[in-house]
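Undergrad: In mature numbering (1 follows the signal peptide of the UniProt record, and there is no 0), the protein residues as written are -24 to -1, 1 to 512.
Using N, Cα and C, we set each Cβ at its ideal position, and we do this for glycine too.
1. Determine the contact status of residue 346 and residue 381, defining contact as a CB-CB distance below 8 Å.
2. Might you give, ordered along the chain, the residues of its own chain that have their beta carbon closer than 8 Å to the beta carbon of residue 410, omitting 5 neighbours on each side?
3. Residue 206 and residue 250: beta carbons closer than 8 Å?
4. Since residue 39 sits in a beta bridge, which residues does DSSP pair it with?
5. How about residue 561 and residue 187: are their beta carbons less than 8 Å apart?
6. If we count the other Cβ atoms within 10 Å of its Cβ and call it buried at 16 or more, is residue 323 buried or exposed?
7. Spatial neighbours of residue 442 within its chain, please: CB distance less than 6 Å, with the 5 preceding and 5 following residues excluded, ordered by chain position.
8. Pairing CB atoms from the region 351 to 370 with CB atoms from the region 74 to 81, are three or more of them under 8 Å?
9. Could you check if residue 492 is buried or exposed, using at least 16 other CB atoms within 10 Å of its CB as the buried criterion?
10. What are the boundary residues of the alpha helix (DSSP H) that residue 317 is part of?
11. Figure out for me which residue from 481, 393, 342 has the closest Cα to the Cα of residue 498.
12. For residue 73 and residue 468, what's the separation of their Cα atoms in angstroms?
13. Classify residue 49 as helix, strand or coil using the three-state DSSP reduction.
14. Where residue 335 and residue 54 are concerned, what is the direct C-alpha to C-alpha distance, given to the nearest angstrom?
15. Does the region 367 to 376 touch the region 286 to 305, meaning 3 or more C-beta pairs lie closer than 8 Å?
16. With a CB to CB cut of under 6 Å and the five nearest residues on each side skipped, what residues in its chain are close to residue 129?
17. Let me confirm a value: residue 140 is counted as buried when at least 16 other C-beta atoms fall within 10 Å, else exposed. Which label applies?
18. Does the Cβ of residue 92 have 16 or more other Cβ atoms within 10 Å, making it buried, or fewer, making it exposed?
19. DSSP three-state call for residue 454: helix, strand or coil?
20. Would you check if there are 3 or more beta carbon pairs closer than 8 Å linking the region 158 to 171 to the region 253 to 263?
21. Just verifying my parser: in three-state terms, what is the DSSP assignment at residue 226?
22. Closest to residue 211 by CA distance: which of 332, 218, 225, 204 is it?
23. Are the region 456 to 465 and the region 385 to 402 touching, with three or more C-beta to C-beta distances below 8 Å?
24. Put residue 81 into one of helix, strand or coil per three-state DSSP.
25. Taking buried to mean at least 16 other C-beta atoms within 10 Å of its own C-beta, is residue 94 buried or exposed?
26. With a threshold of 16 other CB atoms inside 10 Å of the CB of residue 273, please say whether the residue is buried or exposed.
27. I'd like to know if residue 77 contacts chain B, where contact means its C-beta is closer than 8 Å to some C-beta of that chain.
28. Starting from residue 93, follow the beta strand (DSSP E) in both directions and report where the run begins and ends.
29. Using the Cα positions of residue 62 and residue 268, report the straight-line distance between them to the nearest angstrom.
30. Whose C-beta lies closer than 7 Å to the C-beta of residue 486 among residues of the same chain, with five residues either side of it excluded?
31. According to DSSP, is residue 339 helix, strand or coil?
32. Check this for me: beta carbons of residue 218 and residue 67, under 8 Å apart or not?
33. Please name the residue, chosen from 247, 173, 43, that lies closest to residue 182 on a Cα-to-Cα basis.
34. To test your reading of the DSSP string, which unbroken alpha helix (DSSP H) runs of 4 or more residues are found completely within the region 466 to 512?
35. With DSSP as the reference, label residue 212 as helix, strand or coil.
36. What does the Cβ neighbour count give for residue 4, buried or exposed, with the cut at 16 atoms within 10 Å?
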């Protein structure tokens, strides 16, 4: 009788506890970043760099799956400033994307606060300044998302983690580089390569017999790189937020905008070893070195440096095809990665984007499907949200490469929310390309040379265990194909990760839309949203 009397009481307490659990928010991580100029000399030449809290490179963001990230950015430069988050999906809120098509820039001597959640993400990512050529002189850093403790990680726990940012470098001021592009000339070849802001001597210390996780990001403006560690084998365990099958590599290609994580066991004789990054498909080949130091050893690293590939395109293509999704591993959620069978989903729509370059009024421009993007004074997202006419025309870019001259206009293509889309990047030029899609990851299912056609799907597509990622390379005179589930409503930037090409028009915006207004599909405009152009 007594037990029956207390049963409703216990049920009531349990119900209140459940309500509390449902309403409890994920942890918040708060950052305050002050953006300033500062004197730096990565290549031995004193120059003006862009610093974050006095640091070059900027601070690394360390967080955990589902954390809320609050970053207050104080702009102390003499011109507007924005940061974009390379690979962070920002569910239902392209307002935080940090590119000119979605966000008004932060004016000089003012501040703005980013608020985003790393919802259902793990892995190695990066961030960088997105306006002009700011990124050429700093304002970039790492963004690492750890798995929640309750989610099994499919590799042995490392003794420590090391973040490595590889960047190409010029000794010119960012305004001089921007002026060169604005005048119609191509950016000169980079003068050096850096690892964490230095061409040499960056050191990472570990204990003999221990394993370490190396998080490596290519944050260069223009250059693919090859990464390797003297005397050691690297086991790939994650690439751009996806756990991979554990393939071992002596060296590994990372193209512009790409990131990867490697487990390295210190099982060589105790001494120092060279960590090497070198440019791919360039003449001359640029090299940056660091040091893997065995704790307690006094023996210095010895030459020669480990050899890596230089111009061999087919070598890189073959390696890219060895990267496979670990279908049985969890990612950010407890269900296995392979539970989403992308290869069985009917394709709603196919689009083919071909890059090209043109001379318009005596100035160099880059284009996609004959459209060279021009950023209007009013961000496209604001114009779309407030129904402001005259800013952009939907479907100004065609879904297939057309004939005719290149035109200058805001480049926008429309998609329906929840479309499952095949995007083919066709590269008819002799240089390697790299493409990035904000707000999404996608399956990189196919690479091939020559011209793409639908019959190549059966021969070249991996419809079972291609990795999900956010940046894909396209080899010279070749094509690459991706599949993407357009489940993130908003206005999203699809761009060349090669920054001079992006700056001169090789980008577009995908408007992913349905007519239902619901917070379940897209959040409202933030209260602190900046207004500019016709949206003032």
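TA: Checking against the coordinates, here is how it stands:
1. For the pair residue 346 and residue 381, the CB atoms are nearer than the 8 Å cut-off.
2. Within the same chain, residue 410 has close Cβ partners 200, 231, 232, 233, 234, 447, 448, 449, 450, 472, 473, 474.
3. Yes. Within cutoff.
4. Here residue 39 is bridged, per DSSP, to 121.
5. Coverage of the chain is limited to positions -24 through 512, which leaves residue 561 absent and any answer about it impossible.
6. Under this definition residue 323 is an exposed residue.
7. Cβ within range, chain order: 419, 420, 421.
8. Contact between the region 351 to 370 and the region 74 to 81 is present, because at least three Cβ pairs lie under 8 Å.
9. Of the other Cβ atoms in all chains shown, fewer than 16 fall within 10 Å of the Cβ of residue 492; this residue is therefore exposed.
10. DSSP places residue 317 outside any alpha helix (DSSP H), giving it a letter other than H or E.
11. Closest by alpha carbon: 393.
12. In a straight line, the C-alpha of residue 73 is about 8 Å away from that of residue 468.
13. Per DSSP, reduced to three states, the secondary structure at residue 49 is strand.
14. Cα to Cα, the separation comes out at about 31 Å.
15. No, because fewer than three Cβ pairs between the region 286 to 305 and the region 367 to 376 fall closer than 8 Å, the two stretches do not touch.
16. These residues qualify, in order along the chain: 123.
17. Buried is the call here.
18. Around the beta-carbon of residue 92, 16 or more other beta-carbon atoms lie within 10 Å, marking it buried.
19. DSSP places residue 454 within a strand segment (E or B) once states are collapsed to three.
20. Taking a cut-off of 8 Å for Cβ pairs, the region 158 to 171 and the region 253 to 263 touch, as three or more such pairs fall below it.
21. It is coil, neither helix nor strand.
22. The shortest C-alpha separation from residue 211 is found at 225.
23. Yes, the region 456 to 465 touches the region 385 to 402.
24. Coil, per DSSP.
25. Looking at its Cβ environment, which holds 16 or more other Cβ atoms inside 10 Å, residue 94 is buried.
26. By the Cβ-count criterion, residue 273 is exposed, with fewer than 16 other Cβ atoms from all chains shown falling within 10 Å of its own Cβ.
27. Chain labels in this structure do not include chain B; a single protein chain is all it has.
28. 86 to 93 is the extent of the beta strand (DSSP E) around residue 93.
29. Going from the Cα of residue 62 to the Cα of residue 268 covers about 27 Å.
30. 389, 391, 468, 470, listed in sequence order.
31. Residue 339 falls in the strand class under three-state DSSP.
32. The Cβ atoms of residue 218 and residue 67 lie no closer than 8 Å to each other.
33. Nearest C-alpha to residue 182 among 247, 173, 43: 247.
34. Segments of the alpha helix (DSSP H) lying fully in the region 466 to 512: 475 to 479.
35. In the three-state reduction of the DSSP assignment, residue 212 falls in the strand class, which pools E and B.
36. Burial call: exposed.
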